[in-house]
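Working notes, structure below.
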Amino acid sequence: MIVLQVNQVYKSFGAEEILSGVKLEVQHRDRVALVGRNGSGKSTLLKIIAGEISYNSGDISMPKDLTIGYLEQQSNLESDATIWDEMMTIFHQFREQEAKLRHLEAQMANPAVYNNSEENDKVMKEYDSLQHDFKDAGGYQYESDTRAILHGMKFFPEDYDKKVTSLSGGQKTRLMLAKHLLSKPELLILDEPTNHLDIETLSWLETFLKNYPGALLIVSHDRYFLDQVVTMVYEVSRHRVKKYNGNYSRYLDEKAKQYELDQKQFEKQQGEKAKLEDYVQRNLARASTTKMAQSRRKTLQKTDWMEVPDGNEKSASFGFTIAKQSGNDVLNVQSLAIGYSAEPVSKDISLKLYRQDSLALVGPNGVGKSTLLKTIIKELQPLEGDVHYGTGIQFGYYDQEQANLKGNKLVLNELWDDYPLINEKDIRGILGRFLFTGDDVLKPVSTLSGGEKARVALAKLMMQKANVLLLDEPTNHLDLDSKEVLENALLDYPGTLLFVSHDRYFMNRIATKVVELTQDGTSEYLGDYDYYVEKKLEIAELKALDEMGQVTEVKATASTSTSQIDKEAKKLERQLLRQSEEVEQSMEKLDMQIAEIEEQLCQPEIFQDHELVLPLQNELEELKSTHELVMTQWLEIQEKLEQI
1 MIVLQVNQVY KSFGAEEILS GVKLEVQHRD RVALVGRNGS GKSTLLKIIA
51 GEISYNSGDI SMPKDLTIGY LEQQSNLESD ATIWDEMMTI FHQFREQEAK
101 LRHLEAQMAN PAVYNNSEEN DKVMKEYDSL QHDFKDAGGY QYESDTRAIL
151 HGMKFFPEDY DKKVTSLSGG QKTRLMLAKH LLSKPELLIL DEPTNHLDIE
201 TLSWLETFLK NYPGALLIVS HDRYFLDQVV TMVYEVSRHR VKKYNGNYSR
251 YLDEKAKQYE LDQKQFEKQQ GEKAKLEDYV QRNLARASTT KMAQSRRKTL
301 QKTDWMEVPD GNEKSASFGF TIAKQSGNDV LNVQSLAIGY SAEPVSKDIS
351 LKLYRQDSLA LVGPNGVGKS TLLKTIIKEL QPLEGDVHYG TGIQFGYYDQ
401 EQANLKGNKL VLNELWDDYP LINEKDIRGI LGRFLFTGDD VLKPVSTLSG
451 GEKARVALAK LMMQKANVLL LDEPTNHLDL DSKEVLENAL LDYPGTLLFV
501 SHDRYFMNRI ATKVVELTQD GTSEYLGDYD YYVEKKLEIA ELKALDEMGQ
551 VTEVKATAST STSQIDKEAK KLERQLLRQS EEVEQSMEKL DMQIAEIEEQ
601 LCQPEIFQDH ELVLPLQNEL EELKSTHELV MTQWLEIQEK LEQI
């Protein structure tokens, strides 16, 4: 079933054309991504589809009763309610039905009704019908569903009574995402849903969206996320939209093949066009050939010549160099405690960084990753422990908050003030490599978008020629094309990298080792992000088996061959599948027990006797609570299986 059709939609802001003749179709359970550069019109198209803004012409068709959920990049969720009460606003119908059920129960317990057989039968029939509808609609599980989704979005029971107004912007966006996931609209539109999520939450969200019962339309710059979730890609480029089947990686492959074919066809047409133009120019003035030249000129005018193929749009072009080489030992962090007060955010941190290492620092939000980088560059003082620096170290620091770009300087002066001996032409040339041309360099930095500020910060970083780069979320605000340029620049960088990122695709390309930071210390993994995930799963599985008495001894090895890793992965997969089957059997058993009690509660001889109802209700609540825990365990197992 088609849930959305966009046909020949045009949109302009004043004289500036944004979208031109856009066509797009989404069917039930489609997982669709919109990709394209910053400013290409992706968010504008989402707002048009969601009914947030108007369009100039065209048609948008969808079923009359279609339910739509739309998550904007920045949530404007303003509410005086608590987190739990805000989530419960989705279920006002269930709340009303529950109140009605309690009212009917009270009526049935009333002797005046109970002793009136006609009135009693009427109330019982109404109660039976309402309870049946309530059960079929999910009335007995909506609270457990709410707790499960809040847990996935990193809101825990101790957070439920917090006021929404007390939350940060990122927390409000996560809460708004949780509300949309819980309400399950038939078409869910998500604009950058991975912002403000740590890696653990991202993995949970991917698993949830794969099993989402409706259709998804997503804008995201997280390539790993897109590969995991979407099955269709629409590229927004040059005001138009083009469809590709498959996930993001498949889209890149197909786009490259199509560009090569289009380029050959374009070059062929340009050759034919040049011949016709040359013939007209040489023969139009000659009496004997005028008519033939005029005929060819008409052919030139009538032919619908190909435009330059998409794919050769101007890209940023830069690289990082170093002024001088550092020593082999770059950093030695020992027993470090970090934080902003006497109470550390994280402690017992130890890591070593050697020349030309590329180390990814990972961990949940709030564990102190950015704080550690600031401590290393001496913006913050360590609470305990030591940081030993190697010889010849020159740090370059990229701040995700871009705190040093808050003033009213012009883009040109942001670089020129730091390097006054370089002439203006060369400064403009450097900025041109970061897509700032002409009057763009005279814009105040305060008026720039997040992506433009990121390019200014990268330009300043490039000019430092530092031999150790500390990067805090360097891919934030960058579009997919700019991310690829940055990755290629860092791959060619001859210095040392220490970076924080939630971009798993970026980590897989750049990282040579991963250090996981927790509140109680660090763990090192010698590989990229996928290797880190694999080893974490392996360690967790071995620990679980050890606790079950199935493992008596685990021998650690310094390195594992590819074949051994494959065997271990297959072994782990078999173990997880067995665990999944056991958990599913437990869930089925609990479902049967819950259904049995609900059936008992519907029997007149029971629901009319409150002394019988109370213990059954208590048992039902306990079973539902257990079911919720088992369901969470099952979801965790499925996440692990997806990551193998």
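Going by UniProt numbering, the sequence shown opens with residue 1, and the numbers climb by one from there. Using N, Cα and C, we set each Cβ at its ideal position, and we do this for glycine too.
{"Query": "Contacts around residue 296, its chain only, beta-carbon distance under 7 angstroms, and the 5 residues preceding and following it disregarded", "Result": "276, 279, 280"}
{"Query": "Under the three-state DSSP convention, the category residue 120 falls into", "Result": "helix"}
{"Query": "CB contact flag (residue 476, residue 356, <8 angstroms)", "Result": "no"}
{"Query": "Ranges of the alpha helix (DSSP H) found wholly within the region 401-453, counting only runs of at least 4", "Result": "411-416, 424-433"}
{"Query": "Local Cβ density within 10 Å of residue 155, reported as buried at 16 or more and exposed below that", "Result": "buried"}
{"Query": "Contact set for residue 434: own chain, Cβ-Cβ below 8 angstroms, skip 5 residues either direction", "Result": "316, 318, 455, 456, 458, 459"}
{"Query": "Start-to-end residues for the alpha helix (DSSP H) that takes in residue 384", "Result": "Note, residue 384: premise wrong, no alpha helix (DSSP H); beta strand (DSSP E) at 384-389."}
{"Query": "Three-way DSSP call (helix, strand, coil) for residue 164 in this model", "Result": "helix"}
{"Query": "3-residue-minimum beta strand (DSSP E) runs that sit fully inside the region 199-240, ordered along the chain", "Result": "215-219, 232-237"}
{"Query": "Residue(s) in a DSSP beta bridge with residue 27", "Result": "2"}
{"Query": "Inter-stretch contact at 8 angstroms, needing at least 3 Cβ pairs: the region 507-518 / the region 527-534", "Result": "yes"}
{"Query": "Residue 613 to residue 606 span [Cα, whole Å]", "Result": "6 angstroms"}
{"Query": "Same chain, Cβ closer than 6 angstroms to residue 336, neighbours up to 5 away in sequence not counted", "Result": "349, 382, 385"}
{"Query": "Residue burial classification, residue 502 (beta-carbon count within 10 angstroms, cutoff 16)", "Result": "buried"}
{"Query": "Straight-line Cα distance separating residue 581 from residue 211", "Result": "18 angstroms"}
{"Query": "Any 3 or more C-beta pairs closer than 8 angstroms across the region 187-201 and the region 215-225", "Result": "yes"}
{"Query": "Which listed residue (635, 135, 41) has its alpha carbon closest to that of residue 599", "Result": "135"}
{"Query": "Nonlocal neighbours in the same chain, by C-beta distance under 6 angstroms from residue 464, ignoring five residues either side", "Result": "396"}
{"Query": "Residue closest to residue 255, alpha-carbon to alpha-carbon, out of 183, 547, 242, 109", "Result": "242"}
{"Query": "Residue 544: first and last residue of the uninterrupted alpha helix (DSSP H) it sits in", "Result": "529-547"}
{"Query": "The region 66-74 / the region 176-187 touching (three or more Cβ pairs under 8 angstroms)", "Result": "yes"}
{"Query": "C-beta atoms of residue 453 and residue 405 nearer than 8 angstroms", "Result": "yes"}
{"Query": "Test item: CB-CB of residue 361 and residue 515 under 8 angstroms", "Result": "yes"}
{"Query": "DSSP state of residue 13 mapped onto helix, strand, coil", "Result": "strand"}
{"Query": "Contact set for residue 353: own chain, Cβ-Cβ below 7 angstroms, skip 5 residues either direction", "Result": "330, 331, 359, 496, 498"}
{"Query": "Identified DSSP bridge partners for residue 649", "Result": "The first residue shown for the chain is 1 and the last is 644, placing residue 649 beyond what the model contains."}
{"Query": "Minimum C-alpha distance to residue 636 - residue among 618, 584, 491, 292", "Result": "584"}
{"Query": "Expected contact under 8 angstroms - CB spacing of residue 493 and residue 208 to nearest Å", "Result": "That pair is no contact at about 37 angstroms."}
{"Query": "Alpha-carbon spacing of residue 214 relative to residue 96, whole angstroms", "Result": "26 angstroms"}
{"Query": "Short Cβ contact (8 angstroms threshold) for residue 412 with residue 430", "Result": "no"}
{"Query": "Residue 137 - containing alpha helix (DSSP H), residue span", "Result": "Looking at the DSSP string, residue 137 is not in any alpha helix (DSSP H), and its letter there is neither H nor E."}
{"Query": "Test item: CB-CB of residue 234 and residue 542 under 8 angstroms", "Result": "no"}
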